[in-house]
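Report on the structure given below.
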Amino acid sequence: MRVEPLDLGTRLQPYEPTWALQRELHAAVEAGTREDVVLLLEHEPVYTAGKRTARSDRPTDGTPVVDVDRGGRITWHGPGQLVGYPIVRLAEPVDVVRYVRALEEALIRACADVGVRTERVEGRSGVWLPADEPGRTPAPRRARKVAAIGARVARGVTMHGFALNCCPDLTWYERIVPCGIDDADVTSLSAEAGRHVAVSEVAPLVEGHLRDVLGPLLAAGSAARPAAV
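Quick note on my numbering: the sequence shown kicks off at 201 and runs consecutively.
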């Protein structure tokens, strides 16, 4: 599995050309002419809506939204957020839930590496911080999502992936109902760690954990001759 940082730390990627690149790579991995690849990047600011997005989730001020072919609902991508698109062939029988749990595990480990303890929430994908216990603080916080996951698997090959908030401007989320969840909040590693946590610090941590957790899920012999992105 090859990891391709797309100008990470030097240039923000527009969403739609990157989506087109995903489709191109997906076709190549499916055909066996390209090895498994994970794209790591930061996007220009954009809202994207998965197939289950409700009308009430969307911005009410006319802000443009890109409708995409992944699972999940609406979310935001932009500066300060590490986005990963694994385009890999899964071993048979394909287990999409196991794949999503593996992505969560890689991100949970990376969060721990920077001092932020996170967890899964039953029935909700992504990576979370639990709500504060009532009475422990003057203003207890609700559960908070630090990473979103929205994947698609077609003909055994994955696309789309995850978004981990490192140091974004969280006010972007105020225009939407993030992931269609109105009883929880969105946070970042910087907000939770009490210090600036840059994408450049987190990216190599995520890369290492992805290699560990995805390796057992990949189809044997799925590597093909390397090709430049």
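Where is the CB? At the ideal position from N, CA and C, for every residue including glycine.
For Ala254, there is no enclosing beta strand (DSSP E), since its DSSP letter is neither H nor E. The shortest C-alpha to C-alpha distance from Arg320 to any of Asp332, Asp313, Val346, Asp295 is the one to Val346.
Annotation: Val294 to Gly356 spans about 6 Å, alpha carbon to alpha carbon.
Beta-bridge partners of Leu282 (DSSP): Leu364. The bridge partners DSSP lists for Asp267 are Ala249. Around Arg298, the same chain offers Leu417 as residues with beta carbons nearer than 8 Å, after the five sequence neighbours per side are excluded.
In the three-state scheme derived from DSSP, where H, G and I count as helix and E and B as strand, Thr358 is classed as strand. A direct Cα-to-Cα measurement between Pro338 and Arg317 gives close to 22 Å. Counting the other Cβ atoms within 10 Å of the Cβ of Glu242 gives 16 or more, which makes it buried.
Unbroken alpha helix (DSSP H) stretches of 4 residues or longer found wholly inside the stretch 364 to 411: 389 to 393, given in chain order. The Cβ atoms of Gly272 and Val246 lie no closer than 9 Å to each other. Residue pairing from DSSP leaves Thr337 without any beta-bridge partner. Leaving aside the five residues that flank Asp332 on each side, the residues in its chain whose CB is nearer than 6 Å to its CB run, in chain order, Pro340, Arg341. Separation of the CB atoms of Thr253 and Ile287 is rounded to 23 Å, and the pair is thereby denied contact status at 8 Å. Leu208 and Gln281 do not touch by the CB rule: their CB atoms are close to 12 Å apart, not below 8 Å.
Taking the C-beta atoms as reference points, Trp219 is found nearer than 9 Å to Val268.
Contact between Thr248 and Arg375 does not hold, since the beta-carbon distance rounds to 13 Å and is not under 8 Å. Between the alpha carbons of Leu307 and Glu292 lies a distance of about 24 Å. The DSSP assignment places 296 to 313 as complete runs of the alpha helix (DSSP H) inside the stretch 287 to 317, in order along the chain (cut-off: 4 residues).
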